[in-house]
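Peer 1:
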Amino acid sequence: APAAAAAPPPAAASGGISFGEETKLRKKRRSKQWFEEIFDEDYLHTLPFLTPQQTEREVGFLLETLELPQGGRVLDVGCGYGRHAMEMAARGYKTVGLDLSLPLLIRATDAARRVGVNVDFVHGDMREMTFENEFDGAYCFYTTFGFFDDDTNRRVAAGIAKSLKPGGRFVLEMINRDYLIGDLPCRVWWQGDGCVVLEEVDFNYFTSRLQVQRQLILENGRQLEQEISIRAYSLHEIGKVLTHAGFRVLEVSGNLDLRGRFYGNESRQLIVVSEKRADA
Numbered sequence: 001a002p003a004a005a006a007a008p009p010p011a012a013a014s015g016g017i018s019f020g021e022e023t024k025l026r027k028k029r030r031s032k033q034w035f036e037e038i039f040d041e042d043y044l045h046t047l048p049f050l051t052p053q054q055t056e057r058e059v060g061f062l063l064e065t066l067e068l069p070q071g072g073r074v075l076d077v078g079c080g081y082g083r084h085a086m087e088m089a090a091r092g093y094k095t096v097g098l099d100l101s102l103p104l105l106i107r108a109t110d111a112a113r114r115v116g117v118n119v120d121f122v123h124g125d126m127r128e129m130t131f132e133n134e135f136d137g138a139y140c141f142y143t144t145f146g147f148f149d150d151d152t153n154r155r156v157a158a159g160i161a162k163s164l165k166p167g168g169r170f171v172l173e174m175i176n177r178d179y180l181i182g183d184l185p186c187r188v189w190w191q192g193d194g195c196v197v198l199e200e201v202d203f204n205y206f207t208s209r210l211q212v213q214r215q216l217i218l219e220n221g222r223q224l225e226q227e228i229s230i231r232a233y234s235l236h237e238i239g240k241v242l243t244h245a246g247f248r249v250l251e252v253s254g255n256l257d258l259r260g261r262f263y264g265n266e267s268r269q270l271i272v273v274s275e276k277r278a279d280a
């Protein structure tokens, strides 16, 4: 889910959620877009395959690549229900989790309280971040980058760079466009947690966007129709976005198990490790 802080918010009370003024005013400015509606409690039913073991594996990769100082401050951009943020906090890092979805943040806050970890969860919009030189590292995982148009996506990347201290690292994970297009268009379905998910997936070559028509059938009989549109990037494209934002690309991986190895259209994931430049 997309995330960010509107202005540097006051620290949340333990177990609470901070709210920026931009978040409070958003509904008055514009109508809702798909990413403002889809990430709710029903969305969580579609994710049974995201196991605790997978989260530990992903956080292990993040810690290897971010090279945070002991007890460092880290930003989770699009934290969702907080699975990475909580694991980071459990390992001793001062973690801020940002997301646009209030239902997911409420779930994250409750989960953090239950397991006894302290995460500052912030409700806001990643397009309006104003953090400056506050974090030792940041990450954006699970194809959370690319929800917006190209100019706005570039602005989001610049906001992440601005939030980092000089030399701070950023790990960005997304699906690899060059892998993706070989499998599209397609229809897929899977059994969720008390639901069945059906998707028709296509690709717009003019805009380089993944277009998804999703039908969610819940066990209580409810059916939901959802549309998803995400900008898919090739390596050379996202490299330019990060460079323009103030980063220097250090490493690219095609999956978590082969760090530093990327095989073009044979690599499903695109995991880019970059560092904030001194001149950014």
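Residue 280 is where the sequence shown ends in the working numbering, and the numbering goes up by one at each step. Each residue gets a CB set at the ideal place from its N, CA and C atoms; glycine is no exception.
1) Are there three or more Cβ pairs, one per stretch, closer than 8 Å when the segment 83-92 is compared with the segment 107-119?
2) What are the boundary residues of the alpha helix (DSSP H) that Phe281 is part of?
3) As a quick exercise: from Lys162, Ala89, Phe147, pick the residue whose alpha carbon is nearest that of Val117.
4) Would Thr95 be called buried (16 or more neighbouring beta carbons within 10 Å of its own) or exposed?
5) What first and last residue would you give for the beta strand (DSSP E) that runs through Phe170?
6) Got a sec, what are the start and stop residues for the alpha helix (DSSP H) Gly97 sits in?
7) Around the Cβ of Ala4, are there at least 16 other Cβ atoms within 10 angstroms (buried) or fewer (exposed)?
8) Just curious, the alpha helix (DSSP H) that Tyr43 is in, first and last residue?
9) Distance, Cα to Cα, Gln213 vs Asp76?
10) I'd like the span of the alpha helix (DSSP H) that includes Ala90, first residue to last.
11) Does the segment 214-228 touch the segment 42-59, meaning 3 or more C-beta pairs lie closer than 8 Å?
12) By the three-class DSSP mapping on this structure, what secondary structure does Phe61 have?
13) I'd like the list of long-range same chain contacts for Ile230, defined as Cβ closer than 7 Å, with 5 residues on each side in sequence excluded.
14) Output the boundary residues of the alpha helix (DSSP H) element that contains Gly192.
15) Is it right to say Asn133 is buried, meaning 16 or more other beta carbons lie within 10 angstroms of its own, or is it exposed?
16) How would you call Asn265, buried or exposed, if buried means at least 16 neighbouring beta carbons within 10 angstroms?
Peer 2: With the structure as the only source:
1) yes
2) Nothing in the structure corresponds to residue 281, since the chain is present only between 1 and 280.
3) Ala89
4) buried
5) 164-175
6) Careful: Gly97 lies outside any alpha helix (DSSP H), inside the beta strand (DSSP E) at 94-99.
7) Bear in mind that the predicted position of Ala4 carries a pLDDT of just 41, short of 50, making it unreliable; the figure below should be weighed with that in mind. Ala4 is buried by the Cβ-count criterion.
8) 41-44
9) 28 Å
10) 83-90
11) yes
12) helix
13) Thr143, Gly146, Phe147, Arg209, Leu210
14) From DSSP, Gly192 is part of no alpha helix (DSSP H); its letter is neither H nor E.
15) exposed
16) exposed
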